[in-house]
Amino acid sequence: MARRLLGVAGELLVTLGALLLLFVVWQLWWTDVVANRQAAQVVERLREDFADDTGSTAAGGDGVAPVGLPSGAFALLHVPRFGDGWVRPVLDGTDREVLASGVGHYDGTAGPGEVGNFAVAGHRTTWGRPFHDIDRLRAGDRVLVETADHVYVYAVTGHEVVPPTEVDVVAAVPGDPGAAPERAVLTMTSCHPRYSAAERYVVHAELLDTLDPADLDPALSAATEG
Amino acid sequence: MYAALWRALPGPTWAKALQAAVLLAVVVAVCFRWVFPVLEPLMPFADVTVGP
Chain X
1 MARRLLGVAG ELLVTLGALL LLFVVWQLWW TDVVANRQAA QVVERLREDF
51 ADDTGSTAAG GDGVAPVGLP SGAFALLHVP RFGDGWVRPV LDGTDREVLA
101 SGVGHYDGTA GPGEVGNFAV AGHRTTWGRP FHDIDRLRAG DRVLVETADH
151 VYVYAVTGHE VVPPTEVDVV AAVPGDPGAA PERAVLTMTS CHPRYSAAER
201 YVVHAELLDT LDPADLDPAL SAATEG
Chain W
1001 MYAALWRALP GPTWAKALQA AVLLAVVVAV CFRWVFPVLE PLMPFADVTV
1051 GP
């Protein structure tokens, strides 16, 4: 009897170990599969939206059933440093569901190109890991934000590693929460180090130029070569 | 435990193996679709935002 119980206990432990391994597989592989598929769909819908020139969001009533797609996508983020043709959608809010489809825009921060801080967050690992290479950004690198009407070109000014509670980095004037903003800046946050959430990796950029959507491709190739 | 399950499955060995594979696939699918997404927020791996 005791031996049988021991046998069952052993099998349960082996099962638990297998389930833990399975969780790792899910976290490191499957979430990427799901999130990349989601992001690609949102990007496609946004492009259609922009092409329609309605200026509406992905939630706009263009007749395409938004099944399973989060609403609130309003911009496309291009970061040439992350690779040729790298693009992710930017969505309202920084909930888990939002971040599983792209890059999240912090509620209450400025919009693209606006004076103030256009602050976004993205995963460093898992869930499509849009900001996996955030530590490869260097001062002067271009970050382009494409909306229905404009392309905003930001240039990276620097980065910092901060504790997760350091909300001042997404203030209208980063690092100075009380100040009234005079410049348009962009802030990207992600976790740091990779596979941990102990700290946050924060990249700051500032608005350099505002272009017509037609000038996006030349600007992207210029940024890639530069 | 698993030996008892194996004995409980009907049919010849190949049928038992097939059923076991299907059961395993169901367990994996349930974990991927429902169990792991619920567990994930409890894990400190992927918080990317700053907040108080």
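Here the protein sequences line up with chains X and W, keeping their order. Sequential numbering from 1 applies to the first sequence in the working numbering. Sequential numbering from 1001 applies to the second sequence in the working numbering. Note that the Cβ used here is the ideal one computed from N, Cα and C, for glycine as well.
For a Cβ distance threshold of 9 Å, residue set D1047, T1049, V1050, G1051 of chain W lies close to P164/X, ordered along the chain. In the structure shown, Y201/X falls within a strand segment according to DSSP collapsed to helix, strand and coil. DSSP places S221/X in the helix class (H, G or I) of the three-state scheme.
Between Y195/X and V161/X, the C-beta gap is not smaller than 8 Å, which leaves the two residues out of contact. Among the CB atoms of chain X, none fall inside 8 Å of the CB of V1022/W.
DSSP places P112/X in the coil class of the three-state scheme, outside both helix and strand. With respect to the 8 Å criterion, L216/X and V151/X are classified as neighbours on the basis of their beta carbons. Y154/X sits buried, since 16 or more C-beta atoms from the chains shown fall within 10 Å of its C-beta. Within the DSSP secondary-structure output, N117/X pairs in a beta bridge with V185/X. For V24/X, the closest of L1039/W, R1007/W, W1006/W, M1001/W by C-alpha to C-alpha distance is L1039/W.
Any Cβ of chain W closer than 8 Å to the Cβ of G17/X would place that residue at the interface, and such an atom is absent.
Taking the CA atoms as reference points, R88/X sits about 24 Å from P174/X. Proximity of S101/X to chain W, defined by a Cβ-Cβ separation below 8 Å, is not satisfied. Inclusion of V103/X and V115/X in the CB contact set at 8 Å is not warranted, their separation being larger than that value.
Around the beta carbon of M1/X, a 10 Å sphere encloses fewer than 16 other beta carbons of the protein chains shown; the residue is thus reported as exposed.
Y152/X: member of the beta strand (DSSP E) spanning 151 to 162, first to last residue. In the three-state scheme derived from DSSP, where H, G and I count as helix and E and B as strand, R142/X is classed as strand.
Looking at the DSSP output, H105/X shares a beta bridge with D92/X, V120/X. With a cut-off of 8 Å on Cβ pairs, the region 14 to 32 of chain X is in contact with the region 1022 to 1040 of chain W, counting three or more such pairs. Residue pairing by DSSP puts L76/X in a beta bridge opposite P89/X, E146/X. Listed along the chain, the chain W residues whose CB falls inside 9 Å of the CB of T189/X are V1048, T1049, V1050. In chain order, T126, W127 place their CB closer than 7 Å to the CB of T31/X, counting only its own chain and leaving out the 5 sequence neighbours on each side.
Around the CB of P130/X, 16 or more other CB atoms lie within 10 Å, so the residue is classed as buried. Among the residues of chain X, none has a CB under 9 Å from the CB of V1030/W; the nearest is roughly 11 Å distant. T94/X counts as buried, since no fewer than 16 other beta carbons sit within 10 angstroms of its beta carbon. In the three-state scheme derived from DSSP, where H, G and I count as helix and E and B as strand, E48/X is classed as helix. Inter-residue distance for Q1019/W and V8/X is about 21 Å (C-alpha atoms, whole angstroms).
Take the alpha-carbon of V203/X and the one of A1029/W: they are about 38 Å apart. Annotation for L220/X: H78, P80, L144 place their beta carbon closer than 7 Å to its own, counting only its chain and skipping 5 residues before and after.
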